[in-house]
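2 protein chains.
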Amino acid sequence: MNIILASTSTLFGETYLAYLKPELVKLYQGVNEIIFIPFARPGGISHEDYTAKAAGFFSELDIKVKGLHEFEDKATAIEKAQGFFTGGGNTFLLVKTLHENNLMNVIKASVENGKPYLGCSAGTNIGGLNMKTTNDMPIVYPPSFDCMGLVPFNINPHYLDPQLELKHNGETRETRILEFLTQNNIKVVGLREGNWIRRINDKITVEGSLPTRIFEQGKAPYEIEAGSILS
Amino acid sequence: MNIILASTSTLFGETYLAYLKPELVKLYQGVNEIIFIPFARPGGISHEDYTAKAAGFFSELDIKVKGLHEFEDKATAIEKAQGFFTGGGNTFLLVKTLHENNLMNVIKASVENGKPYLGCSAGTNIGGLNMKTTNDMPIVYPPSFDCMGLVPFNINPHYLDPQLELKHNGETRETRILEFLTQNNIKVVGLREGNWIRRINDKITVEGSLPTRIFEQGKAPYEIEAGSILS
């Protein structure tokens with residue numbers, strides 16, 4: 001497999017995907033066209049405009065981008081594609097759309113066969129075992145929370161450390177993930193913005209500029225450095 | 001109906017339910033025992049300890065508290081109860097537990113028949129039409145997102161204004177609620193901490209120390225003052 005699962009598409013003050021550009025050159029080596037999966041976006045920007053935004057960036061890499069929404073027969077389009085990119089938005093809407101169109105397992109099979117996959121945010125959540133560690137609001141009801149399991153754990157994108165100055169009674173991100181662990185025996189990778197997961201064949205590492213926080217049942221949360229192996 | 005749906009149980013620096021005490025004296029007038037619904041709590045505190053925490057507060061009001069988890073026949077216990085309090089925690093876990101035990105509609109019927117109901121946080125979410133505007137992490141998969149509809153709208157408890165100083169790419173609360181409105185034509189009451197919704201018979205008002213932010217399809221979000229009527 002050949003995968004990047006990124007916490008975010010855009011770093012504060014930077015342009016879309018800029019911080020990942022050197023990695024994406026390697027991820028999509030030999031590829032001249034990819035399919036963009038825009039289904040996480042609930043509004044504000046149409047599937048067409050969202051695809052155009054991705055295409056704008058990928059033109060710098062001489063890679064053409066087609067939106068999955070453009071194809072009548074989406075499963076065949078996925079099977080014929082050279083590679084994929086799933087953008088961020090609302091994970092509930094993305095997972096509902098993929099399940100209702102029976103596409104989750106088609107993308108999974110294509111990626112397991114070696115086609116490059118990039119996910120950002122919601123697109124990263126669906127690379128995990130299930131979407132139960134998303135930060136998103138449940139604005140629609142998906143038929144299942146199961147995802148592709150391109151890596152053998154769950155991911156919490158946009159992982160945010162506790163904001164100690166906030167006089168607010170809402171749960172911290174860490175509290176939420178620890179609550180997940182009371183109900184599920186699944187490792188969670190708390191991926192801070194600027195970090196990503198890289199899978200090349202069977203080797204999975206965490207990369208980026210910051211340490212990454214790992215949550216496991218029966219262990220105190222701990223930090224790992226960029227380059228560390230994940231399993 | 002006779003209902004309080006509160007944003008939070010506890011204000012920063014205060015003790016459990018302290019800010020609501022004068023209101024709760026009125027809500028539970030003539031009641032000497034209530035049922036506490038502890039099912040939102042995913043861990044950290046047992047159902048027994050959570051019920052004891054509620055009982056500690058309600059002893060100041062000379063009201064006894066029994067945990068719903070203590071009853072073998074929970075539906076009958078609800079039907080015989082004088083009133084209810086549903087505490088906070090994880091809304092997905094609360095809704096899953098109530099639906100799987102066929103209790104959501106039993107509580108709804110009892111409250112519609114006039115028994116007092118207090119909800120805090122997750123317990124407030126289930127007073128709305130559905131749980132699609134919760135802030136919680138989807139740590140379990142409920143059989144439905146439908147809730148009691150004790151009020152004809154949805155609630156976002158712990159409503160938080162955008163934190164402009166945060167260099168983070170996660171969505172603001174307002175963005176999330178606007179995304180909800182792209183998929184659902186349901187009013188959302190953004191209930192800041194310190195505020196609550198009061199229903200007495202058919203009159204529904206918002207109360208508390210801060211303005212409340214309202215979100216509706218096709219309108220810009222707007223603020224209403226304490227004492228305003230909700231419909």
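Chains as they are written, first to last, in this note's numbering: chain X, 1 to 231; chain C, 1 to 231.
Positions of the beta carbon are idealized from the N, C-alpha and C atoms, including for glycine.
Beta-carbon gap between residue i and residue j smaller than 8 Å
i                 : j                 : result
Thr134 of chain X : Val188 of chain X : no
Trp196 of chain C : Ile4 of chain C   : yes
Thr97 of chain C  : Phe39 of chain C  : yes
Met137 of chain X : Phe180 of chain C : yes
Ala226 of chain X : Gly119 of chain X : no
Ala77 of chain X  : Leu68 of chain X  : yes
Pro152 of chain X : Asn125 of chain X : no
Gln82 of chain X  : Lys108 of chain X : no
Val106 of chain X : Glu79 of chain X  : yes
Gly127 of chain X : Leu150 of chain X : yes
Pro142 of chain X : Val95 of chain X  : yes
Ile186 of chain C : Leu129 of chain C : yes
Phe84 of chain C  : Ile45 of chain C  : no
Partners in chain X for residue i, counting only beta-carbon separations shorter than 8 Å
i                 : result
Met1 of chain C   : Here the premise fails: no neighbours, minimum Cβ distance about 26 Å.
Phe145 of chain C : Pro138, Tyr141
Met131 of chain C : Pro138
Euclidean distance between Cα positions of residue i and residue j
i                 : j                 : result
Pro238 of chain X : Gly170 of chain X : This structure cannot settle anything about residue 238 of chain X, because the visible part of chain X is limited to 1 through 231.
Ala18 of chain C  : Thr205 of chain C : 21 Å
Glu33 of chain C  : Glu193 of chain C : 27 Å
Val140 of chain C : Asp62 of chain X  : 42 Å
Glu23 of chain X  : Thr8 of chain C   : 44 Å
Val111 of chain C : Ser121 of chain X : 41 Å
Ile155 of chain C : Glu216 of chain C : 12 Å
Phe57 of chain C  : Tyr50 of chain C  : 11 Å
Lys74 of chain X  : Glu100 of chain X : 12 Å
His47 of chain C  : Gly89 of chain C  : 11 Å
Met131 of chain X : Met148 of chain X : 10 Å
Ile229 of chain C : Arg213 of chain C : 13 Å
Thr175 of chain C : Gly30 of chain X  : 38 Å
Leu11 of chain X  : Tyr159 of chain C : 26 Å
Thr86 of chain X  : Gly123 of chain X : 5 Å
Tyr28 of chain X  : Ala52 of chain X  : 18 Å
Thr91 of chain X  : Gly208 of chain C : 34 Å
Thr182 of chain C : Thr172 of chain C : 16 Å
Pro211 of chain C : Lys66 of chain C  : 34 Å
Asn201 of chain X : Asn184 of chain C : 42 Å
Val25 of chain C  : Glu14 of chain C  : 18 Å
Asp161 of chain X : Glu223 of chain X : 12 Å
Leu20 of chain X  : Gly190 of chain X : 18 Å
Tyr117 of chain X : Arg198 of chain X : 10 Å
Lys219 of chain C : Ser231 of chain C : 16 Å
Lys203 of chain X : Leu93 of chain C  : 35 Å
Leu164 of chain X : Gln163 of chain C : 13 Å
Asn113 of chain C : Lys64 of chain C  : 21 Å
Tyr16 of chain C  : Glu72 of chain C  : 28 Å
Neighbour list for residue i in chain C, Cβ cutoff strictly below 8 Å
i                 : result
Thr134 of chain X : Met137, Pro138
Beta-bridge partners of residue i, as assigned by DSSP
i                 : result
Arg199 of chain X : X:Ile3, X:Ile204
Cys120 of chain C : C:Ala6
Lys66 of chain C  : C:Ile35
Thr212 of chain C : C:Ile224
Phe84 of chain X  : X:Ile35, X:Tyr117
Val188 of chain C : C:Asn154, C:Phe215
Asp146 of chain X : X:Asn130
Tyr50 of chain X  : For Tyr50 of chain X, which the question treats as bridged, DSSP gives no partner whatsoever.
Tyr159 of chain X : X:Arg192
Ile229 of chain X : X:Thr205
Within chain X, the residues that residue i reaches when beta carbons sit closer than 9 Å
i                 : result
Thr105 of chain C : With the sequence shown as reference, residue 105 of chain C is identified as Asn, and Thr is not the correct amino acid for it. Result: empty, since nearest Cβ-Cβ is about 18 Å, beyond 9 Å.
Residue i: contacting residues in chain C (beta-carbon distance under 9 Å)
i                 : result
Asn101 of chain X : Simply none; closest approach about 17 Å.
Proximal chain C residues relative to residue i, where beta-carbon distance stays under 7 Å
i                : result
Asn90 of chain X : Glu179
#### Entry: Residues, ordered as in the chain, of the stretch 168-189 of chain C that lie near chain X by beta-carbon distance below 9 Å
His168, Asn169, Gly170, Glu171, Arg173, Thr175, Arg176, Ile177, Leu178, Glu179, Phe180, Leu181, Thr182, Gln183, Asn184
#### Entry: Residues in the stretch 39-65 of chain C having any Cβ partner in chain X nearer than 7 Å
Pro42, Gly43
### Message
For the stretch 218-230 of chain C, list every residue whose C-beta sits within 8 Å of some C-beta in chain X, in sequence order.
### Response
none
### Query
Of all the residues that make up the stretch 15-30 of chain X, which are near chain C by a beta-carbon distance shorter than 8 Å?
none
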